[in-house]
Each structure stands twice: as C-alpha cells, then as structure tokens.
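Chains as they are written, first to last, in the working numbering: chain A, 1 to 446; chain B, 447 to 892.
The beta carbon of each residue, even a glycine, is placed where N, CA and C say it ideally should be.
Note that the structure is a prediction, hence the values are computed from the model and not measured.
Below you'll find the structure, written out as structure tokens, and then a few comments.
There are 2 protein chains.
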Amino acid sequence: MEPRPSGGSKPAEPGPCLRSPGGACQGTSAYSLSSAGAEPGCSVAAVLPAGGCGERMGVPTPKQFCPILERPLISYTLQALERVCWIKDIVVAVTRENMEAMDGIIQRYQHKRISLVESGVTRHRSIFSGLKALAENRPNSKLSKPEVVIIHDAVRPFVEEDVLLKVVTAAKEHGAAGAVRPLVSTVISPSADGCLDHSLERARYKASEMPQAFLFDVIYEAYQQCSDYDLEFGTECLQLALKYCHTKAKLVEGSPDLWKVTYKRDLYAAESIIKERISQQICIVMGTKENEHVGLLEEMLKNELKQVNVTSRPLCHAGRDLQQIILEQCYNFVCVNVMNFDFQETQKLLGMLEESRLSILYPVVVVSVHFFDYNSVPFGEKMENLMWIREFAKEVKKRNILLCGLLIYYPQDELKLQESLRQGATIIAALIKERNSGLVGQLLVA
Amino acid sequence: MEPRPSGGSKPAEPGPCLRSPGGACQGTSAYSLSSAGAEPGCSVAAVLPAGGCGERMGVPTPKQFCPILERPLISYTLQALERVCWIKDIVVAVTRENMEAMDGIIQRYQHKRISLVESGVTRHRSIFSGLKALAENRPNSKLSKPEVVIIHDAVRPFVEEDVLLKVVTAAKEHGAAGAVRPLVSTVISPSADGCLDHSLERARYKASEMPQAFLFDVIYEAYQQCSDYDLEFGTECLQLALKYCHTKAKLVEGSPDLWKVTYKRDLYAAESIIKERISQQICIVMGTKENEHVGLLEEMLKNELKQVNVTSRPLCHAGRDLQQIILEQCYNFVCVNVMNFDFQETQKLLGMLEESRLSILYPVVVVSVHFFDYNSVPFGEKMENLMWIREFAKEVKKRNILLCGLLIYYPQDELKLQESLRQGATIIAALIKERNSGLVGQLLVA
C-alpha cells in the first residue's frame, strides 16, 4: 500500500526541517539530573514517531499533544531525551498539519537538537521517514547517519538515561535491543466465535516496550526490505530486524516508568508523577536577618513532606547561593518576610526567578510568608496591607510563577506558635503538591 | 505444593465469617447511579480475592488497602459491587492478619452483603476459599450456593453494572465468561538467552481482565479437580474452566475502566478519576431571599467546569428540595450568604449534610460565599468577622466535610462584578477539583 498524504494532498518526500542547531549538551533542565556518567562510545541519534491520532484516549487532541501542567506531553519526552548528552540528534515525525504546532512547542520550550520530518500514515512509515532523514546527506541538513539509532515513543515521557544507555550498548553488540516488562494481564487467544481458545502462560511472555535501539544499518535495511503489509499493519520494530536482517534483538528489563500514555487515566497518572517529581525539593529563602522561626518551619515542612529535601538559604550577597539552588532545578520557594509589612524579599526572589527562566518548563511555586502577632497590629489591617499580593500574583502568573501569600500567626505562647507553624507547613505542602493556578494571589492564614 | 499459612501458623480451614446481615439492596451511594434496569434472572454471588501483598506497587501497604481520598481502595470496589442489587452476596478473601482491618473497613464505610473468608497463599487458592464458603451450607452462615458466581479483583474499583450483567448473562449461557481488552503493548516471547524469539501478532490476542463469571457448578468443579501446580502458579480462571470442565468461556469486550490498579501510577490515576467523578455535580444553595448574583455565578461555574452539572436550590422549607440533591449524591455545595455578616445559611447546610451522612464515602466540599462591597464595610473588618470559619472548618473536617470561605468583591461596576464573579468561579472550581484538606478553613478572596 502506498503512503497516503497526511495533510490531504500528496506529500513531498519527507525530509528534515533545517532547524537543529546541533550543539553542545546544555543540560536543559530535567526532573532528574542526567547521570552524565557512562557514554556508549558511538554516535547515537533518536527517532520519535509522533504522528498518531490518539484514538484510544477518547479526547480530540492527539495524546502526544495533550497538556500536562499546561505543557504538551511530547515536550516532556523531548526533555527526557535532550538531557542525555550523547544523543546527537532527535528526529520527530509529525503529521503535516501538526508541523507548525510542533515547531511552536520547540521554540516555546527551547528544545535543542530536534529535527522535524513529516510522518507517514502508520507508525512504521513514520519511523521510516525519520530513518531516511538520518540516512541521506541532504544539502543544508546538519543530520548525519549515526552508528546506533534509538526508537522511542512520544508518549513515554519518563524514560531514564540508564535504560537508554542499556539498549544502545546492547544494540551495538547484538544489532538490536528493546526494553521489556512483565505482563500485567494474562494474554489469551480468542477463537473465531469469540470464545477462549487458549491462554498463554504469563511467565513465558513479555510486554515489548520502548525505547529500542538498533545498529542504524540493520534497521534501515529492514525498513527498506519491508513489505507494504508490514509497514501498514506491523507493530514491532524488533520483529522487522529479525524478519528482514536475521538480527535477534537483546531484551533489556525496563522499569515500570516506561509505560505508554494510552488512556485518559494515563494522563492523570503522568500529571501526578510530574507534580510529585518537581515537589521533591523546597528552598526556604529568608531576609538578611537571622530568624529562629525558619528552622522550626523547616522541621515542620520536613515532617509534612517526607522524602522531600528542604533547605534554607539567605537572600543576601546577590543571592549567589540561591542561584545554585535555581540551577539545580528547585521549583518550590518559601520566602520568609520576618515581622515586615513589606515584601522586598519576595520581590527580590521573584526577580531572580524571572531572570533564571526556570519557569519555562514547570510552574514554579512561591509562597510569601509573613509572621504576625495580634498584639502588635490588628489582623484586618495586616491583611489589608498584604493585598498587594493579588495584583503581583497576576503579573508573575504570566511567566508561569504561582505566587501565594501565607500569614503565620506568631503568638508568645510556644505551643501555640508550634501549632500555627505546623498549620503553615500543611498549607505550604498543599500549595506545592497541587500547584493549582486557580489559587494564585490568595492570602492564606495559618 | 502445600498451602503455606498466611499468618505464620497453620491456618484453620478457610471459612466464612458470620457477619453478613444479608439484606435488601439499599443503593448505598455510588459515583454513578445503578442503572437498576435489567437483571440476569438467576441467583448471583461474587468472590473477591484480596489476599495479595501488592509487591509491584513499591509501597509497604498491600495495594487493595492503599488509601484514595483517605479511604482504602477495596472499599471503592465493594461499593461498585454493592450497588448492583442482584448480587446477593459478596465474599472477600483476605489474609488472617488483615481480617480485622477489613472488618473495620466494612463497619466504617457501612458495606452490606459482605462475608469474609481467609485467603490462601495464591490467588487461585483465595478464590477457592471463597467458592467453598458459598458451596457449603455451614450452620449460622447466611450464604447459599448461587447459580452464577462473579469473580472480580479487589483492585479494579471502576467496574460498571453493565459489564457485570454481560458476563453473568454470558456465563449462564456458556458456563463461563470474562471481560477482555485489546493489548496495549506487543507481546513477545524471549528465548533462553534473553533475546527475541518471536513476537505475537497483536490483533490476534487479547488481554484477559476482570470481571469473570461462571456457572457455580462449573468453576467449583474445576477448582476441586485442579492440580496443586495450577493452584500455585496458574493465573487464569477461564483456563481452569476450559482445562477441567471443557467449558469454553465467552469473551466479552470490556471498557478501559476495567484496568487493574497495579503500580503506584495507577493509584494516582484512580484518585484523579474518583475526584473527577465526584466533581460532576455542584449545588448552589442560597438563603430565603432571591439573589440576582447566584444566576451569574452559576453561569460562570458552568463555563469554568464544562460538563459539570450546576444547579441552585433555596435552603428554605426545611430544605426538602435539597435533601433530594443530597440523596442524588452531590458532593459539592456552594452556599451563598448574601450581604450578610453571619453564616446562618452555611450552618444550616452543614447541619443537613452531617445528618445525611453523605460524607461517609467521599469528602464533601462546602464553599461558604459572602459578597461584600468596599463602600459598605472595610475589607479588613469584613475578613475579621468571617474568621469564625477557621474554627468551624476544623470541627466539620472530622466528619469529612471540607469547608472553605470565599469573599466575592461586589462593586457597583457591572464589568468589575463580572470579573470578580469569574474569579470566584475559578477558585470554587479549584477547591472542588483538588479537594485538598490542607486548605480547609481558609477565607479566599475573589
């Protein structure tokens, strides 16, 4: 069967867009830092078929473009590949009608080393398009044929460097390799009348997942030999390598994280996982003055959010220390303004955050904490003074920073103080965990 | 292989606990109402193996007992079966050490028609325990042998009545039936050296899911005949019916909702699905006076929460109308206190909610809305007046009611009013969607 044009008219030969600036590995922000350790010792590129329409999702948007925390799923997958320094090029195959949108995603989230090609009507045809772009030395193309090519899905955003390294290394040795997982359900074979014919012994089979990797020449040869039937109805690249090149793929045990976002529930799961990952580190920022409450608040937060790394940093000395924290991808800040009616500390922090462009990839939560004592100032007045936060929050929300205020009651009584700090920690935890933009600008009270 | 005792010492013969009060179908609250339509026309019971340890979840609690919105997963599954009137008995197999905890769950969430038996060390042995309890007429046991038995998993909480009816009806005709789903991943067979031997053609196989149903005599016979090897290592009940009773199960296409909670991400997904389901209906409650803003707020909420059913009801006439809403399982209330400094309406509503015991199964969100105008009263004073809500929220939280206050700015300017109503709707939507108990008692400002 001939490839159908994806956009309605007959497509030009799929080729790479001339964008990829190539370039050094910039460690563009990751939810987990690149291990930056072992390298496979050969040239590597990746191909991502992303031409699917996501019919199983039950939503009109193709699943790779569904937003998670307002960013399309595919951007998370690109980010996961991008942070692996030794992947030189990433070729993404999208339909002609999504080409522009994809281009916008690459610009907006500052993805590097990406080239776009037009996808085919099936998964195999899209992969083939990507491989062709790598194989052919086109004029003006910065792509070059790699020794090993990774094939991954646009809808598996949680792929880690170690499994990529494992499949690439195994592919170098065996010609082909792919990640596998144990089966979750028993697999059965139905008879023609819709009844059980037989069930497979679960332990003897595996689910084939992604990523997979191949010696480029092996998989390119396989696709060139491949029958139209296989291009149209096949699902398994490892099978093509076996069938057309007699290359027996090495199977590599993958982690549960490799699962494919298929149904709407998977989007929910992905969102929760991403939220959890970016909530793993909280930085408490304080003014120049020493502050005994900060230590207590830090303790309470650690209690509230087990397994979360809570540190505190002064905002002084042009915040060099804080810059480091920002570089290390901390997406949660608690800014303590002690006994102050103003919010200079918070403003300074927000300035630094905006400059750092940290919030390009994830919404950054900032909680502006103010302590108050009933005795020194009436509660109502205090709140009124702090209503600036509403306007300010509106402004910074445009740059993906979620700002809330938190007033912590600060009585003389030690036990009562502990209680209000504890409640403060609960509120901060809720704001960080949920990351709900509907609540920005609110002034909460502990 | 002989069964190992689950509690450390050799178990007594597993048998039913003498608890089930039997009883009429009370339609105990469901996220979706029972269709209460067709019935299978035969006696039906269900067996739920729940003795697993959830090793794949990576958490110490067995997955069926993992909390979702603070309620154990298995309680959701019981609720899903319970609301199906024609399932007479539900037999749950749990380990000896979880017997007491399970008992507590049944009491706390008021589950009906449940009997407990001690599970075996494998899934098949647990199911066999459940079947034995139904087969034997024990003294003091209210259980009796059903014509058809459903086997379901404790960790598939979203089973719907229609698929239960389908498998039961098919089992009545064919002797056995089970739900199936298309495969998500390609299934491959590894060779002994960890390489690809062959891949299965995805379209020719299915994933076997739950629920399944059997003529009781068929499956009981199969288990009695069953080899120790099958009891120990088998995974598929349909296969046992085929192997030992030559009964070819009818395969019924199930919905994606039937998936099994297996990994931590599945718990996240389940929580999001449950939150979404209980957020589908919002009731705006108002005082006796007519109120023009309520209509506008209703519109804004409908805009904010597409596909959500928003209705408004007066709180007058002893709230008979409102009782109906509560009966229909609405878990979200917006209580409007117009131009009032007090909160009588909210208190009245909270009283009704507590009486209704609606919050036994799900946290109920109540947003107490207060309109205010800068001109009539200073903002700070207004807020101070409304701080009662913090203490009150603490009280009702004990009964699983999540109370927040919302102050909506009410200017003369029509456009500004619309803007603050819109922001109010956004905040209400955030509170309802997230259902975060960390924010109860807060007074938010729109």
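Exercise. Who pairs with Asn337 (chain A) in a beta bridge, going by DSSP?
Worked result: Beta-bridge analysis with DSSP links Asn337 (chain A) to A:His370.
For this session: Under 8 Å Cβ to Cβ from Gly424 (chain A), same chain only, skipping five residues before and after it: list those, please.
Result: When the five nearest sequence neighbours on each side are left out, the beta carbons in the same chain lying within less than 8 Å of the beta carbon of Gly424 (chain A) are those of Leu297, Met300, Val369, Leu406, Ile408 and Ala446, in order along the chain.
For this session: Indicate whether at least one CB of chain B lies closer than 7 Å to the CB of Met383 (chain A).
Result: Closer than 7 Å to some Cβ of chain B, the Cβ of Met383 (chain A) qualifies, so yes.
Problem set entry | Where Glu118 (chain A) falls: helix, strand or coil (DSSP) | Strand, per DSSP.
Exercise. Expressed to the nearest angstrom, what Euclidean distance is found between the alpha-carbon atoms of Leu417 (chain A) and Asn337 (chain A)?
Worked result: Going from the Cα of Leu417 (chain A) to the Cα of Asn337 (chain A) covers about 17 Å.
Exercise. When the cut-off is 7 Å and only beta carbons count, does Leu439 (chain A) lie next to chain B?
Worked result: Yes - at least one Cβ of chain B is within 7 Å of the one on Leu439 (chain A).
Exercise. Cα separation between Asp663 (chain B) and Leu642 (chain B)?
Worked result: Cα-Cα distance, rounded: 42 Å.
Exercise. Out of A:Leu353, A:Val159, A:Ser144 and A:Pro67, which has the shortest C-alpha to C-alpha gap to Ile105 (chain A)?
Worked result: Ile105 (chain A) has its Cα closest to that of A:Pro67, out of A:Leu353, A:Val159, A:Ser144 and A:Pro67.
Problem set entry | Inter-residue CB distance, His293 (chain A) and Phe371 (chain A) (contact presumed, cutoff 8 Å) | Yes, His293 (chain A) and Phe371 (chain A) are in contact; Cβ-Cβ is about 6 Å, under 8 Å.
Exercise. Going by other Cβ atoms of all chains shown within 10 Å of its Cβ, with 16 needed for buried, is Glu717 (chain B) buried or exposed?
Worked result: When all chains shown are included, Glu717 (chain B) counts as buried.
Problem set entry | Cutoff 7 Å: Asn882 (chain B) Cβ touching any chain A Cβ | Closer than 7 Å: yes.
For this session: Say whether the segment 553-560 of chain B touches the segment 653-668 of chain B, bearing in mind that this needs 3 or more beta-carbon pairs closer than 8 Å, one atom from each stretch.
Result: The segment 553-560 of chain B makes no contact with the segment 653-668 of chain B, as fewer than three CB pairs between them are under 8 Å.
Problem set entry | Within chain A, partners of Gly640 (chain B) - CB distance below 8 Å | Here the neighbours are Lys250 and Leu251.
Exercise. Among residues of its own chain, excluding the 5 on either side of His174 (chain A), which ones have a beta-carbon nearer than 8 Å to its beta-carbon?
Worked result: Hits under 8 Å: Thr247, Lys248, Ala249 and Lys250.
Exercise. Would Arg422 (chain A) count as contacting chain B if we go by Cβ distances under 7 Å?
Worked result: It does not; no Cβ of chain B falls within 7 Å.
Exercise. Going along the segment 528-555 of chain B in order, which residues come within less than 9 Å of chain A, judged by CB to CB distance?
Worked result: Those would be none; no residue qualifies.
Problem set entry | Cβ of Leu301 (chain A) within 7 Å of any chain B Cβ | Chain B, which has no Cβ nearer than 7 Å to the Cβ of Leu301 (chain A), makes this no.
Exercise. What's the C-alpha gap between Thr311 (chain A) and Glu419 (chain A)?
Worked result: A direct Cα-Cα distance of roughly 21 Å separates Thr311 (chain A) from Glu419 (chain A).
Exercise. In this structure, does DSSP put Phe214 (chain A) in helix, strand or coil?
Worked result: DSSP places Phe214 (chain A) in strand when its eight states are reduced to three.
Problem set entry | Any chain A beta carbon closer than 7 Å to Glu682 (chain B) | Output row for Glu682 (chain B): interface = yes.
Problem set entry | Backbone CA spacing between Glu136 (chain A) and Glu147 (chain A) [nearest angstrom] | Glu136 (chain A) and Glu147 (chain A) have their C-alpha atoms spaced approximately 14 Å apart.
Exercise. Three or more C-beta pairs closer than 8 Å, one from the segment 173-187 of chain A and one from the segment 617-635 of chain B: is that the case here?
Worked result: Yes, since at least three Cβ pairs between the segment 173-187 of chain A and the segment 617-635 of chain B fall closer than 8 Å, the two stretches touch.
For this session: Report yes or no: do the segment 489-496 of chain B and the segment 591-605 of chain B share at least 3 C-beta pairs separated by less than 8 Å?
Result: Cβ pair count under 8 Å is three or more, so yes.
Exercise. So with Cβ pairs under 7 Å, would you call Ile665 (chain B) a contact of chain A?
Worked result: Chain A, which has no Cβ nearer than 7 Å to the Cβ of Ile665 (chain B), makes this no.
For this session: Assuming Asn436 (chain A) and Ala876 (chain B) form a contact by the criterion Cβ under 8 Å, report the distance between their Cβ atoms to the nearest whole angstrom.
Result: About 5 Å separates the two Cβ atoms, so the contact holds.
For this session: Could you tell me which residues DSSP pairs with Gly178 (chain A) in its beta bridges?
Result: According to DSSP, residue pairing for Gly178 (chain A) in a beta bridge involves A:Gln212 and A:Leu251.
Exercise. What is the C-beta distance between Leu890 (chain B) and Gln442 (chain A), in whole angstroms, given that I count them as a contact (C-beta under 8 Å)?
Worked result: Confirmed, Cβ separation roughly 5 Å.
For this session: Can you give me the start and stop residues for the alpha helix (DSSP H) that Ile274 (chain A) sits inside?
Result: Element bounds for Ile274 (chain A): Lys264 to Arg277.
Exercise. Mind checking Ala222 (chain A): buried by the 16 CB within 10 Å criterion, or exposed?
Worked result: In summary, Ala222 (chain A) is buried, with 16 or more beta-carbon neighbours lying within 10 Å of its beta-carbon over all protein chains present.
Exercise. So Tyr205 (chain A) packs on Leu183 (chain A), CB below 8 Å; how close in whole Å?
Worked result: With a Cβ gap of about 6 Å, Tyr205 (chain A) and Leu183 (chain A) count as contacting.
Exercise. Interface residues of chain A around Arg393 (chain B) at Cβ under 7 Å?
Worked result: Not covered by the structure: residue 393 (chain B). The range shown for chain B is 447 to 892.
Exercise. Cβ of Ile728 (chain B) less than 7 Å from any chain A Cβ?
Worked result: Taking 7 Å as the threshold, the shortest C-beta distance from Ile728 (chain B) to chain A does not fall below it.
For this session: Answer yes or no: the CB of Met833 (chain B) versus the heavy atoms of the ligand MG, is any distance below 6 Å?
Result: Within the structure as shown, the ligand MG is missing, as the structure has no ligands at all.
For this session: Tell me, please, whether the CB atom of Val369 (chain A) is closer than 7 Å to any CB atom in chain B?
Result: Taking Cβ atoms only, chain B never reaches closer than 7 Å to Val369 (chain A), which makes this a no.
Exercise. My guess is that Leu78 (chain A) and Ile114 (chain A) are in contact by the Cβ rule of under 8 Å, so how many angstroms apart are they, rounded?
Worked result: The C-beta distance from Leu78 (chain A) to Ile114 (chain A) rounds to 6 Å, short enough to meet the 8 Å contact threshold.
Problem set entry | Spatial neighbours of Ala526 (chain B) in its chain, beta-carbon cut-off 8 Å, leaving aside the 5 residues before and after | So the list reads Ala476, Pro603, Phe604, Val605 and Glu606, once near-sequence residues are dropped.
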